[in-house]
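Residue numbers (our numbering), protein chains in the order written: chain C, 1249 to 1442; chain Z, 1094 to 1287.
Quick reminder that beta carbons are idealized off the backbone N, C-alpha and C, glycines included.
I have placed the structure first, in the form of structure tokens, so that the comments after it can refer back to it.
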Amino acid sequence: MPPVELRKRVTLVEEIFHEGGPVAKTPYRRAAILAVVKNPFAGRYVEEIVGFSDDLKPLGLDMAKLLIGALGGDPKAIQGYGKGAIVGAAGEIEHGALWHAPGGYAMREALGGALAIVPSAKKVAGPGARLDVPITHINASYVRSHFDAIEVGVADAPRADEILLALAMTTGPRVHNRAGGLEATQIKGLDGLR
Amino acid sequence: MKAKIRKLVTFVEETRVEMDRAVEPPTRRAAAVAVIENPFAGRYVEDLSLLIDVGEDLGQLLAARAVGALGIEGSRAESYGKAAAVGENGELEHAAAVLHPKLGAPVRKVLGKGAALIPSSKKRGGPGVALDVPLGHKDAAFVRSHFDGMEVRIADAPRANEIMVAVAVTDSGRPHPRVGGLTKDEIKGVDGLR
């Protein structure tokens, strides 16, 4: 497998003070880090692709650590996460699926453990495409206050032979969460769901 | 702070490879964006001095955040730009009031210098509108390698009664500049042009 060719990296951090209601004591922050890498399988059908998933592991871990850094540097402050990929037009959705394992395990490792499945979204699209990366609580998928998403995209990516890889993290519940359901304080923390 | 800020978003882009050629050191640019309430939305107001003062506050805040996101001393910044998008219930003149009279001075204070005009753009649009922030060298507007632009957008802003205000700062020009013109080594830095 060829080494991972990283063209560009983009981070964005949103800091939300209110959304028409009371101003939060601590602003809600959600952030994403994006890496634009070359798709080694662009333009042809390749049967054996899973090795690229291993190749992406170091990049994933770097991204997870940088993302925690962008949110202040304390892994314990991270409460929600998600991931996603946009595959350039000369690739297939299966290439985006290679991000599932390295992206998810990288965040778990950087966070010092997390029980919930990492929610994800992916698609094949052109430069400037937007992707809504889903976000859920890191230890219990059903925590309703932490269901969220962050929209990401890069004007000049992915080119046809590239893949845009995304990781997302948040520091708390939605700013005015009041839709009920399981609360973070009620988590049992055994199965990653509740 | 006279601005009523709903949210702050910071973007950092780092380009490492362009057209298969390594960019060494990588080019980096950052934009800090504030989403504020438009105090004059929905009606014609003659005196815009409140928004002019808001511009002064935001110049300091956003420049400091953009420079901080790059992790550099302000004096190491090479180019800059500013832009605003007014929600549908505002007028372009509201963007002008924020951007032009007082925003520049605190930006220059954060960067240590800044002899050149800060290039700008403005528009009216709905949530998710793309704002292209023009970039030019901070001490000499004619430095051709630093003519650039950075696209920023926020999915949920500006709402009808909001203004989105952006300040962008770089530590570099375009990735592989080779269209000639004045270079940064030739800057006199006196008149802001050359």
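{"query": "C-beta neighbour in chain Z for H1266 (chain C), strict 8 Å", "result": "yes"}
{"query": "Beta-bridge partners of G1332 (chain C), as assigned by DSSP", "result": "C:A1369 and C:A1414"}
{"query": "Buried or exposed by the 16-neighbour rule on C-beta atoms within 10 Å, applied to H1385 (chain C)", "result": "buried"}
{"query": "Bridge partners - I1247 (chain Z), DSSP secondary structure assignment", "result": "Z:A1250"}
{"query": "Cβ contact check for the segment 1119–1137 of chain Z and the segment 1417–1433 of chain C: 3 or more pairs under 8 Å", "result": "no"}
{"query": "Close Cβ partners of G1344 (chain C) (< 6 Å) along its chain, the five nearest in sequence each way excluded", "result": "A1333, V1335 and K1370"}
{"query": "Sub-8 Å separation of V1298 (chain C) and K1256 (chain C) beta-carbons", "result": "no"}
{"query": "Nonlocal neighbours in the same chain, by C-beta distance under 6 Å from V1222 (chain Z), ignoring five residues either side", "result": "A1178"}
{"query": "Range of the contiguous alpha helix (DSSP H) that encloses F1104 (chain Z)", "result": "Looking at the DSSP string, F1104 (chain Z) is not in any alpha helix (DSSP H); the run it does join, the beta strand (DSSP E), is I1098 to E1111."}
{"query": "Contact with chain C by I1098 (chain Z), beta-carbon distance below 8 Å", "result": "yes"}
{"query": "Cα-Cα separation, A1115 (chain Z) to A1403 (chain C)", "result": "20 Å"}
{"query": "Contact under 8 Å by Cβ, L1309 (chain C) with V1261 (chain C)", "result": "no"}
{"query": "Own chain, CB closer than 6 Å to V1105 (chain Z), minus 5 neighbours either side, in chain order", "result": "A1123 and A1162"}
{"query": "Under 8 Å from the C-beta of V1258 (chain C): neighbouring residues of chain Z", "result": "F1104, V1105, E1106 and E1107"}
{"query": "Spatial distance of A1312 (chain C) from A1259 (chain Z) (CA atoms)", "result": "27 Å"}
{"query": "As assigned by DSSP and simplified to three states, the class of H1193 (chain Z)", "result": "coil"}
{"query": "Burial state of G1180 (chain Z) (16 or more Cβ within 10 Å)", "result": "buried"}
{"query": "Short CB-CB distance (under 8 Å) between V1261 (chain C) and chain Z", "result": "yes"}
{"query": "Local conformation of L1185 (chain Z) per DSSP, three classes", "result": "helix"}
{"query": "Interface residues of the segment 1233–1248 of chain Z facing chain C [CB-CB below 7 Å]", "result": "E1244 and A1248"}
{"query": "Coarse secondary structure for G1273 (chain Z), derived from DSSP in three states", "result": "coil"}
{"query": "Contact under 8 Å by Cβ, G1152 (chain Z) with G1207 (chain Z)", "result": "no"}
{"query": "Chain Z contacts made by the segment 1399–1414 of chain C, where a contact means CB separation under 7 Å", "result": "E1399 and A1403"}
{"query": "Distance CB(I1247 (chain Z))-CB(V1147 (chain Z)) smaller than 8 Å", "result": "no"}
{"query": "Proximal residues to D1157 (chain Z) (C-beta, below 6 Å), its chain only, five neighbours per side dropped", "result": "The identity of residue 1157 (chain Z) in the sequence shown is Ala, whereas the question assumes Asp. For A1157 (chain Z), where only same-chain residues beyond five positions count, the Cβ hits under 6 Å are V1203."}
{"query": "Expected contact under 8 Å - CB spacing of A1209 (chain Z) and D1225 (chain Z) to nearest Å", "result": "At roughly 19 Å, the Cβ-Cβ gap does not stay under 8 Å, so A1209 (chain Z) and D1225 (chain Z) are not in contact."}
{"query": "8 Å Cβ cutoff, R1422 (chain C) in contact with chain Z", "result": "no"}
{"query": "Beta carbon proximity, L1143 (chain Z) to chain C, threshold 8 Å", "result": "no"}
{"query": "Cα-Cα separation between K1324 (chain C) and T1419 (chain C), rounded to whole angstroms", "result": "9 Å"}
{"query": "Alpha-carbon spacing of K1305 (chain C) relative to P1119 (chain Z), whole angstroms", "result": "22 Å"}
{"query": "Residue burial classification, Q1434 (chain C) (beta-carbon count within 10 angstroms, cutoff 16)", "result": "exposed"}
{"query": "Residues near E1149 (chain Z) by beta carbon distance below 7 Å, same chain, minus five either side", "result": "K1195, L1196 and P1199"}
{"query": "Cβ-based burial, T1274 (chain C) [other Cβ within 10 Å; buried from 16]", "result": "exposed"}
{"query": "Cα-Cα separation, S1142 (chain Z) to L1154 (chain Z)", "result": "19 Å"}
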